[in-house]
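Q:
In structure tokens, the structure reads:
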């Protein structure tokens, strides 16, 4: 278990090197000279060539890649030239808002989808099951940003229950968190349902029933516990979806997180900032997947990794 | 049971699934609207008429007009062309390339397989949408770059699915028999293994289309996808946002089109999975 955990953490290293590599390669395709882009159109040729030297642009790609890695080891992601600040400082400021948003959304997803999935698995093809089926398919077919606009119109502008946008206390969090949760609630409800239905066919469930246990005890104690194991694996993928959805949600609700920083970076063509933000997104995703894998071994001791 | 018979029963079972049939109808109606757009649209989707701007739905404009006085219904009709074009082309791109990579990796095995799949994993480290955002931010926005960005994202996803399916059949007797009679690797891959993974790839392809519809809208909404004045649904939503208080219909109505098209693909994919993948069906 400990060995496995350490091995899994070590596995992050090649993954991150790969991500940095991919990001660096893609930035090579940005048309024009990055140094000229940073300095603007009125830069003197001398200034441009000094900036090229600064950014190691005269060096081959691989050397630049190593420079970036060296910076990373010192938690130095470079300097944003449009914000005139360290990229790491910008990210440290935006990260908590994104974690807060995705964290609360994930709670909503789990609190809604596990009960719904379990109840519908117990009564397949009932009216409730069909309604939930259509609703969850609808939820995962809805564009996140549109859900956001609808909620904003209804609960922000008409009913005035919640502020329309911005960042602050829990009241500001409700609409963005529900928006971000909607597609994942749809997905997870389906996953929980099918996973529990599969478990309900197992022999030990029949044994439990034969012992005379009540149906709800069988369902909530025996089936739920085992049925949720495959669900945990898919939690990681869902979190990836939600991180991407956060970019859209933050853009709709003016939420000051990493997603909005990403969009800002892209539109101001601040490629050093783009590089840093995308890297942090990938890192977040990799770490959550790591946690999911480790918790998997705790929940199900029968799984042995070699 | 003969093959024909089995196929027939599958089609029958698919048609019995009411939701799947609704999905087919949804997608088919969008396809017909896309084809017939020039003839059924009441107005020119690009023609501005500032005197009639931001009109709520009424008799002459069934779904109202936008901030430039353009007819929203006509723009939705023409928008279905771009939605379907991006969806179909990007999914075909990832399906063909991804499946070929997965087929090759899975059949070859060993270090080659390991190397290819590790390379694919590298792309999957990016959370949903982030890789596509990175690609369009580098290539620039536009219709074809959007297709490419969504297509590239899907390649490793299809490769993993295909490889997963291939390794379950690569050691079966009929493959060994084909090898024993001297069939070439390419022939075994395409003629013996490929037909066996078609159902899986089909289900996955249709479900990917539901996803591609949403990815295109997301990129376009962020301003990284299809650019104005091209009538794209997400672009209509994005540009209508400034008028959401005075004219909420501009950015809410096109969302229904996105929802219905994506839902259509999801319903078909679901129905197909029930029919083609008995392990998953209940």
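Protein chains in written order, with this note's numbering: chain A, 2 to 307; chain B, 107 to 388.
Backbone N, C-alpha and C define an ideal beta-carbon position, used for all residues, glycine too.
Under the rule that 16 or more other beta-carbon atoms within 10 Å means buried, what is residue 256 of chain A, buried or exposed?
A: Stepping through the first chain from its first residue, residue 256 of chain A is reached at position 255. Buried, since its Cβ has 16 or more Cβ neighbours within 10 Å.
Q: Is the beta carbon of residue 152 of chain B less than 8 Å from the beta carbon of residue 116 of chain B?
A: Here residue 152 of chain B refers to the residue found at position 46 of the second chain. Here residue 116 of chain B refers to the residue found at position 10 of the second chain. No, the pair does not count as a contact, with Cβ atoms beyond the cut-off.
Q: Just verifying my parser: in three-state terms, what is the DSSP assignment at residue 358 of chain B?
A: As a first step, residue 358 of chain B is located in the second chain; it is residue number 252 there, counting from the start. Residue 358 of chain B: helix per DSSP, three-state reduction.
Q: By the criterion of Cβ-Cβ separation under 7 Å, what are the contact partners of residue 316 of chain B in chain A?
A: Residue 316 of chain B sits at position 210 when you count from the first residue of the second chain. Correct list: 142.
Q: Using the beta-carbon of each residue, which ones in chain A are nearer than 7 Å to residue 369 of chain B?
A: In the second chain, counting from the first residue as 1, residue 369 of chain B sits at position 263. What residue 369 of chain B touches in chain A: 138, 139, 142.
Q: Taking C-beta to C-beta, are residue 170 of chain B and residue 337 of chain B nearer than 8 Å?
A: Counting from one through the second chain, the residue named residue 170 of chain B turns up at place 64. Counting from one through the second chain, the residue named residue 337 of chain B turns up at place 231. Going by C-beta atoms, residue 170 of chain B is not nearer than 8 Å to residue 337 of chain B.
Q: Does the stretch 192 to 212 of chain A touch the stretch 149 to 164 of chain A, meaning 3 or more C-beta pairs lie closer than 8 Å?
A: Judged by Cβ distances under 8 Å, the stretch 149 to 164 of chain A makes no contact with the stretch 192 to 212 of chain A, as fewer than three pairs qualify.
Q: Note the first and the last residue of the continuous alpha helix (DSSP H) segment covering residue 124 of chain B.
A: To locate residue 124 of chain B, count along the second chain from 1; it is residue 18. Here the alpha helix (DSSP H) through residue 124 of chain B covers 124 to 146.
Q: The alpha helix (DSSP H) spanning residue 199 of chain B covers which residue range?
A: Here residue 199 of chain B refers to the residue found at position 93 when the second chain is read from its first residue. Here the alpha helix (DSSP H) through residue 199 of chain B covers 178 to 214.
Q: Between the stretch 124 to 157 of chain B and chain A, which residues of the former have a C-beta closer than 8 Å to a C-beta of the latter?
A: Those would be 125, in chain order.
Q: Would you report the Cα separation of residue 102 of chain A and residue 206 of chain B, rounded to the nearest angstrom?
A: Along the first chain, read from residue 1 onward, the residue named residue 102 of chain A stands at position 101. Along the second chain, read from residue 1 onward, the residue named residue 206 of chain B stands at position 100. Distance between the alpha carbons of residue 102 of chain A and residue 206 of chain B: 39 Å.
Q: Counting only Cβ-Cβ distances shorter than 8 Å, please list the residues of the stretch 264 to 295 of chain B near chain A, keeping chain order.
A: Answer set for the stretch 264 to 295 of chain B: empty.
Q: Would you decide whether residue 52 of chain A is buried or exposed? Buried here means 16 or more other CB atoms lie within 10 Å of its CB.
A: What you label residue 52 of chain A is simply residue 51 of the first chain in a count that begins at 1. Result: buried.
Q: Per DSSP, what kind of secondary structure is residue 81 of chain A in: helix, strand or coil?
A: As a first step, residue 81 of chain A is located in the first chain; it is residue number 80 there, counting from the start. Strand, per DSSP.
Q: Distance cutoff 8 Å, beta carbons only. Does residue 252 of chain B sit that close to anything in chain A?
A: Here residue 252 of chain B refers to the residue found at position 146 when the second chain is read from its first residue. No, its Cβ sits nowhere closer than 8 Å to a Cβ of chain A.
Q: Closer than 8 Å by beta-carbon distance: list the chain A residues that pair up with residue 308 of chain B, in chain order.
A: Sequence index remark: in the second chain, residue 308 of chain B carries index 202 (1-based). Neighbours of residue 308 of chain B on chain A: none; closest Cβ ~19 Å, over 8 Å.
Q: Evaluate residue 215 of chain A with the Cβ neighbour count: other Cβ atoms within 10 Å of its Cβ, from every protein chain shown; 16 or more gives buried, anything less gives exposed.
A: Position 214 of the first chain, counted from the start, is the residue given in the question as residue 215 of chain A. Exposed is the call here.
Q: Find the residues of chain A that neighbour residue 358 of chain B, judging by a C-beta separation of less than 8 Å, and give them in chain order.
A: Residue numbering aside, residue 358 of chain B sits at position 252 when the second chain is read from its first letter. 147, 150, 151, 154, listed in chain order.
Q: What in chain A is Cβ-close to residue 345 of chain B, meaning under 9 Å?
A: By one-based count along the second chain, residue 345 of chain B stands at place 239. Residues of chain A passing the Cβ test: none, with the nearest at roughly 12 Å.
Q: For chain A, find out if any of its Cβ atoms is closer than 8 Å to the Cβ of residue 190 of chain B; answer yes or no.
A: Position 84 of the second chain, counted from the start, is the residue given in the question as residue 190 of chain B. No - not a single Cβ of chain A is within 8 Å of the one on residue 190 of chain B.
Q: Return no unless some Cβ of chain A is closer than 8 Å to the Cβ of residue 323 of chain B.
A: Position 217 of the second chain, counting from 1, holds the residue named residue 323 of chain B. So, interface residue.
Q: Return helix, strand or coil for residue 128 of chain A, following the three-state DSSP convention.
A: For the purposes of this step, residue 128 of chain A is identified with residue 127 of the first chain, where counting begins at 1. Helix at residue 128 of chain A.
Q: Please report how far the alpha carbon of residue 24 of chain A lies from the alpha carbon of residue 262 of chain A, in whole angstroms.
A: Here residue 24 of chain A refers to the residue found at position 23 of the first chain. Here residue 262 of chain A refers to the residue found at position 261 of the first chain. Cα-Cα distance, rounded: 17 Å.
Q: Run down chain B in chain order and give the residues with a C-beta less than 9 Å from the C-beta of residue 163 of chain A.
A: Here the question's residue 163 of chain A lines up with position 162 in the first chain. The premise fails here: residue 163 of chain A is roughly 15 Å from chain B at the closest Cβ pair, so nothing lies under 9 Å.
Q: For residue 146 of chain A versus residue 253 of chain A, is the C-beta distance shorter than 8 Å?
A: Translated into positions along the first chain, residue 146 of chain A becomes position 145. Translated into positions along the first chain, residue 253 of chain A becomes position 252. In this structure, residue 253 of chain A lies closer than 8 Å to residue 146 of chain A by Cβ.
Q: Quick one: which chain B residues come within Cβ less than 8 Å of residue 20 of chain A?
A: For this step, residue 20 of chain A is matched to residue 19 along the first chain. Those are 228, 231, 232, listed as they occur along chain B.
Q: Thinking residue 109 of chain A and residue 16 of chain A are a contact (beta carbons under 8 Å), I'd like their distance in whole angstroms, please.
A: Your numbering for residue 109 of chain A matches position 108 in the first chain. Your numbering for residue 16 of chain A matches position 15 in the first chain. About 29 Å separates the two Cβ atoms, so there is no contact after all.
Q: With three or more beta-carbon pairs closer than 8 Å as the criterion, would you say the stretch 272 to 280 of chain B touches the stretch 223 to 233 of chain B?
A: The stretch 272 to 280 of chain B vs the stretch 223 to 233 of chain B: no contact.
Q: For residue 127 of chain A, count the other beta carbons within 10 Å of its own beta carbon; 16 or more makes it buried, fewer makes it exposed. Which is it?
A: For the purposes of this step, residue 127 of chain A is taken as the residue at position 126 of the first chain. The residue in question, residue 127 of chain A, is exposed, as its Cβ has fewer than 16 Cβ neighbours within 10 Å.
Q: How about residue 14 of chain A: is its C-beta nearer than 8 Å to some C-beta of chain B?
A: Along the first chain, one-based indexing puts residue 14 of chain A at 13. No - not a single Cβ of chain B is within 8 Å of the one on residue 14 of chain A.
Q: So is residue 60 of chain A in contact with chain B if we call contact Cβ pairs under 8 Å?
A: Position 59 of the first chain, counted from the first residue, corresponds to residue 60 of chain A. Residue 60 of chain A does not count as touching chain B.
Q: Can you name, in chain order, every residue of its own chain whose Cβ lies under 8 Å from the Cβ of residue 387 of chain B, other than the five neighbours on each side?
A: As a position in the second chain, residue 387 of chain B is number 281, starting the count at 1. Confidence in residue 387 of chain B is poor, its pLDDT being 43 and thus under 50, which makes the residue's placement too unreliable to answer from.
Q: What distance in whole Å lies between the Cβ atoms of residue 353 of chain B and residue 124 of chain B, which are believed to be in contact at a cut-off of 8 Å?
A: Along the second chain, one-based indexing puts residue 124 of chain B at 18. Along the second chain, one-based indexing puts residue 353 of chain B at 247. Not confirmed; about 37 Å, so no contact.
Q: Roughly how many whole angstroms lie between the Cα atoms of residue 193 of chain B and residue 10 of chain A?
A: Walking along the second chain from the start, residue 193 of chain B turns up at place 87. Walking along the first chain from the start, residue 10 of chain A turns up at place 9. Computed Cα separation, rounded: 37 Å.
Q: So, does the CB of residue 179 of chain A fall closer than 8 Å to a CB anywhere in chain B?
A: Residue 179 of chain A sits at position 178 when you count from the first residue of the first chain. Judged by the 8 Å Cβ criterion, residue 179 of chain A is not in contact with chain B.
Q: Straight-line CA distance for residue 93 of chain A to residue 259 of chain A?
A: In the first chain, residue 93 of chain A corresponds to position 92, counting from 1. In the first chain, residue 259 of chain A corresponds to position 258, counting from 1. Rounded to the nearest angstrom, the two C-alpha atoms are 9 Å apart.
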